[in-house]
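Reading through the structure tokens given below for one structure.
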Amino acid sequence: MSPTPAFPCIIFRSTDYGSARDGLATISGEVGTVHTSLLTTLAGYGGMAGTDKAGSDWGKKYDEAVSAALDASSKLTTTCGRIGNLIAAGAHNHEVADANAKGVQPPAAPAPIAEPCHTSIVPTSVGGTSDEPFGWWLIKEVAGLVWPNGHQDQLRAAKGVWYAAADSLDTATAGFPTAVGLLNNQQSDEIPATVAKCSTTSNDSVEIQAAYRQIGDACDEYAQHLDQAHSEIRTEVRDMLIECAAWEVGFAILIPFTGTLSEWVGNSALVARIAVYGTRIAKIIERLGLKAIEIASRIGTTVVTKISSLGTKLAEWLRNAATRFARSEPGKPGGLGPKPPAVKPTVSDTKLQNILNDLYKGANNANRTGDGTTADAVRNEYLTLEPTEGKWHLTKAMESQRGLAKWLMDKSNANSPDRAVAIREMQNLMDALAGK
């Protein structure tokens, strides 16, 4: 007698599936809120590192770390939404199979969770100025030194911003264990992989939180060294001024000065004394520069390399998951149908007009998707998880958004109608990339 064939046991609880899907949608939304709030706050911290060599060395590596961390954070938001969509797709497949077994009409495919693709651009930390101490011009004239003009108050405040973002991200992803518990109530082939992905994504969030705190620590550490350098330099400048004032050389050295050094220095011994102070101050600045390089090297190793790798891993999973999700549903999800063609604005600035021409390239296409704009092409790709008219438009949309933002910064004196158009188009792209 042949053995009775074994069939896999499938346990499907629709309510638990739905709750897990909703949980991931909530996590995605809250992670996105943390990301966008961080972007908004960091916009006020441009130029905090200064323009001197130490500040520039530190600031360039800080900027790299920020870019890598925000890129990973943006992909984390998308990943959480994608997991929710995969859960919804799995639940829908079970519902369709159950309906087919009963000979009834299967349910419609669920509306997908928005999978926003947030921007990751913030102002550079290199730049800005800070007040030089009275008498610094003497050191500048004699020794040619540059005042370390970073802002330690902003640097310290930036640490608080990064730590607060890490705490908020921890809160935003606190729902993963609940979602995993709901999924573990099911018994189906796709459950182990989904549970594993929830766990790894939760761990990815922890890595990003750690990166946020390490970036914050780098801000605070450089602020401490900058504060110490400023204090030591101010002491040297004060002592120099006291010594200079004591010299009876027949000229008023401390009054406002507009001429050249040779016009007011009649005593080479005095210049030599100023040069001595300049040498001491140069050593202080050199020590600050070495500390800046040390901190920059550390965040390059602990943040840039590690988090860039995490961002690459998340991006690779998103590419693969998009394919699996598209195949998991019967038929092709509905995309944007044709709309009336978008009317391309006309502006006076040539560079802005070129950007608009590219964004509205498909508006006059008889078989256009949506209104034919790049923004609607992106919206269609979120709905279908397939390229629009044979190619993806996400990268183009992000590059165009950056181009518009740069145009607005570079053309602060452009006429109001042109700026209004640029702002409106940038907002439309931001909405499309956010799944709106």
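FYI, the UniProt record's numbering numbers position 149 of the sequence shown as 149, with every residue one higher than the one before it. Where is the CB? At the ideal position from N, CA and C, for every residue including glycine. Note that the structure is a prediction, hence the values are computed from the model and not measured.
| message | Quick check on the burial criterion: 16 or more other C-beta atoms within 10 angstroms. Buried or exposed for residue 291? | response | buried
| task | Answer with buried or exposed for residue 43, where buried requires no fewer than 16 other C-beta atoms within 10 angstroms of its C-beta. | result | exposed
| Reduced DSSP secondary structure (H/G/I, E/B, other) of residue 276 | helix
| task | Quick one: grab the DSSP three-state call for residue 370. | result | Correct three-state label for residue 370: strand.
| said: Excluding the 5 residues flanking residue 346 on each side, which residues of the same chain have their C-beta closer than 6 Å to its C-beta? | reply: none
| query | Got a sec? Which residues, its chain only, sit under 7 Å from residue 73 by beta carbon, not counting five neighbours each side? | reply | Cβ within range, chain order: 35 and 208.
| field | Reference residue 172; option with closest CA among 82, 143 and 202 | value | 202
| request: Would you grab the beta carbon distance between residue 90 and residue 159 for me? Rounded to a whole angstrom, and I think it's under 8 Å. | output: Between residue 159 and residue 90 the Cβ distance is about 42 Å, and since that is not below 8 Å, they are no contact.
| field | CB contact below 7 Å: residue 70 versus chain C | value | Among the protein chains of the structure shown there is no chain C, as only one such chain exists.
| said: For residue 243 and residue 273, which I take to be in contact (beta-carbon distance under 8 Å), what is that distance rounded to the nearest angstrom? | reply: 6 Å
| query | Shortest alpha-carbon distance to residue 213 belongs to which of 409, 157 and 236? | reply | Just measuring C-alpha positions, the residue of 409, 157 and 236 sitting nearest residue 213 is 157.
| Nearest-angstrom Cα separation, counted from residue 41 out to residue 121 | Cα-Cα distance, rounded: 12 Å.
| query | Cα-Cα, which of 396, 319 and 132 is closest to residue 386? | reply | 319
| Buried versus exposed, by CB contacts within 10 Å (16 or more), residue 206 | exposed
| task | Reducing DSSP to helix, strand and coil, say where residue 126 ends up. | result | strand
| Hey, quick one: how far does the alpha helix (DSSP H) through residue 354 stretch, first residue to last? | It spans 350-359 - the alpha helix (DSSP H) in which residue 354 sits, taken as one unbroken run.
| said: Tell me the DSSP secondary structure of residue 112 in three-state form. | reply: coil
| message | Excluding the 5 residues flanking residue 325 on each side, which residues of the same chain have their C-beta closer than 8 Å to its C-beta? | response | Residue placement at residue 325 cannot be trusted, given a pLDDT of 45 that sits under 50; the coordinates are not used to answer.
| Using a Cβ-Cβ cut-off of 8 Å (strictly less than) and excluding sequence neighbours within five positions of residue 282, which residues of its own chain qualify? | 143 and 145
| Identity of the residues DSSP links to residue 79 by a beta bridge | Per DSSP, none; premise fails for residue 79.
| message | Assuming the contact rule is C-beta atoms closer than 8 Å, residue 425 and residue 404 should be a hit. Round their C-beta distance to whole Å, please. | response | 6 Å
| query | Can you pull the DSSP bridge partners for residue 391? | reply | The bridge partners DSSP lists for residue 391 are 388.
| request: Kindly indicate which residue of 428, 136, 377 and 313 has the alpha-carbon position closest to the one of residue 339. | output: 377
| message | Check whether the stretch 48-56 and the stretch 166-185 are in contact - that is, three or more C-beta pairs closer than 8 Å. | response | no
| Under three-state DSSP, which class holds residue 50? | strand
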